[in-house]
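Structure first, then comments.
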Amino acid sequence: MAKLTKVEVDNLKPSGKDAFVWADDPKGFGVKVFTSGVKSFVFQYRTEEGKTRRYTIGKLSDTLTVEQARKRAKALSLEVLNGGDPMGHKQARLAAITVAELLTQYQASPKFAENAETTKATDKGRIERHLIPLLGDSIADKISADDVRRAQAAIRDGKTAGRFKTGPRGLAKVTGGAGTADKCVLLLRAAYAWAISENILKDNPAAPLKVAGSGQREQIMETAADYTVLFNALDKMQKELRIRPAAADAIRLIALTGARRGEVSNLIWQYCDLRTGLITLPPKAHKAGKRTGKPRIIALPAEGVAILKRQAKGKPEDYVFKPAKGDGAIALAKPWIAVREEAKLPANFGLHGLRHSLGSHLAMSGASSHEVMEALGHRQASTTQRYIHFAERARSTLAERAASVAMAGMVSSKASTEPLPE
């Protein structure tokens, strides 16, 4: 046994094989002298089960002195006296999953599989291009709400922006921004919630964070004149060959039916019955279907039937709205941006705004919550309530506007009948 002072450790010389020199304070503290001359501090102890374990504290250096290593050994000794197993804890930590592994497992889970194909594709992009670069290497149960908050700020400020290959010729431009940052927080929150339900983790660091509501869903096409501007823009762009007829018609159908973008872009002929004017989406083909197991029926107005009739016919499994190239579904994101600019709609008004508009007008026309729910294919009545509340606010505002002239007369009348001050 030795005291293992700085002088003693400095004077230790390598031999023909690795050797240990043990200290008497604390018991189990020692230094391993490698044949190369490198010296590493260790702490050796017995577990409550009687197993001998050797914990490596670290290599002697300017940042780890003899006294610093001794303090660490004393802390480990106290942990052992209290029934702990430092080496076992270290091994468990090494085996703990990272955020990247958590997100990979979540994407392979039945819970993630319930999402629509478009949602899964978007979430995959957010995971690969934002969350993993910022948090992927962190141990999943060690990150804090502040860590997530910093990642949210980084995405918002464009620190994960860039251009990414999406195939042999494809290139995706990723910009980040506040909306993307909030969506990433919600995605991370969902992944942790799943892990907690599976007993993989215990806490959700993304839960305390606040995210802004989607501003685009508060905006609607308020009047017939608004729709006139939209449809005129589509007609003009199609006539000038600035938008393909199939893309223009797909947008028209979304505006007329309130269907989701994916329900229209992925629509195939076997789901359409032009005689009855109905589209019947099986459970696998719409967002709520995987949870409810029920089909979604979309009733077409006469113009909606006309839109389908003018598409190039195909086999039952062929897409109704054909893309410019390839065999996949039609892409509507870029065409919609061009249409939105042409119609001078707000920059944050997405295609979902057309769906929101139809739901709001249904509610304002007196449709019940159940009727709106059926028309939009919602799974939960709580989702439909936003349209009912929107309609109530709109009716209240309309009532104020209608009564404004009468109110002015009432105020004037009161003023004329009030007695003069004495």
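Those letters in the sequence shown? Residues 944 to 1365, by the numbering used here. Heads up, the beta-carbon is just placed ideally off N, CA and C, and yes, glycines get one too.
The Cβ neighbour count for Pro1148, taken over all protein chains shown within 10 Å, is at least 16; the residue is labelled buried.
Taking all protein chains in view, the Cβ of Phe1264 is crowded by 16 or more other Cβ atoms within 10 Å, so the residue is classified as buried. In this structure, Val976 sits near Leu955, with a CB-CB distance shorter than 9 Å.
Three or more Cβ pairs closer than 8 Å define a contact, and the region 1245–1264 falls short of that threshold against the region 1123–1130. Spatial neighbours of Gly1079 in its own chain (CB-CB distance under 8 Å, excluding positions within 5 residues in sequence) are listed in chain order as Thr1041, Val1042, Ala1043 and Leu1046. With respect to the 9 Å criterion, Ala962 and Lys946 are not classified as neighbours on the basis of their beta carbons. Contact between Ala1281 and Met1180 holds: their C-beta atoms lie close to 7 Å from each other, under 8 Å. Beta-bridge analysis with DSSP links Gly1105 to Val1117. Along the region 1138–1183, the alpha helix (DSSP H) occurs as fully enclosed runs of 4 or more residues at 1167–1182, listed in sequence order.
Comparing alpha carbon positions, the residue from Ala1138, Arg1195 and Met1030 closest to Lys1054 is Ala1138. Looking from the CA of Ala1202, the closest CA among Gly959, Gly993, Leu1224 and Asp1216 belongs to Leu1224. The C-alpha of Ala1274 lies about 25 Å from the C-alpha of Ala1245. The beta carbons of Ser979 and Lys1002 sit no closer together than 9 Å. For Asp1192, the CB contacts under 8 Å within the same chain, skipping 5 residues up- and downstream, are Ile1250, Arg1253, Gln1254 and Phe1264 in chain order. Note that the region 1126–1135 touches the region 1070–1084; at least 3 beta-carbon pairs, one per stretch, sit closer than 8 Å. Beta-bridge annotation (DSSP): Asp967 is paired with Lys970. Distance from the CA of Lys1277 to the CA of His1229, rounded to the nearest whole angstrom, comes to 22 Å. As a beta-bridge residue in DSSP terms, Tyr1262 pairs with Ile1211.
By the beta-carbon neighbour count (other beta carbons within 10 angstroms, threshold 16), Thr999 is exposed. Closest in alpha carbon position to Gln987, among Met1030, Val981 and Ala1290, is Met1030.
CA-to-CA, the gap between Gly959 and Thr1118 works out to about 59 Å.
Ranked by Cα distance from Ala1134, the first of Arg1234, Ile1070, Gly1026 and Gly1027 is Ile1070. In this structure, the straight-line span from the alpha carbon of Ala1016 to that of Val985 is close to 8 Å. DSSP lists Lys975 and Lys1002 as the bridge partner or partners of Ser983.
Boundaries for Leu1275: no alpha helix (DSSP H) harbours it, and the DSSP string shows neither H nor E there. Bridge partners of Ala1059 according to DSSP: none are assigned. Across the set Val1248, Ala1064, Asp968 and Phe1174, the C-alpha of Asp968 shows the shortest separation from the C-alpha of Leu1021. With respect to the 9 Å criterion, Gln1095 and Pro1289 are not classified as neighbours on the basis of their beta carbons.
DSSP places Thr990 outside both helix and strand once states are collapsed to three, so it counts as coil. Take the alpha-carbon of Thr995 and the one of Val1023: they are about 12 Å apart.
For Asp1080, the secondary structure class from DSSP, reduced to helix, strand or coil, is coil. The residue among Glu1010, Val964 and Val981 with its C-alpha nearest the C-alpha of Lys949 is Glu1010. Taking a 10 Å sphere around the C-beta of Glu1206, we find 16 or more other C-beta atoms and assign the residue as buried. Across the set Tyr1170, Ile1086 and Glu1183, the C-alpha of Ile1086 shows the shortest separation from the C-alpha of Lys1145. Going by DSSP, Thr1047 is part of no beta strand (DSSP E) but of the alpha helix (DSSP H) stretching over Val1042 to Gln1050.
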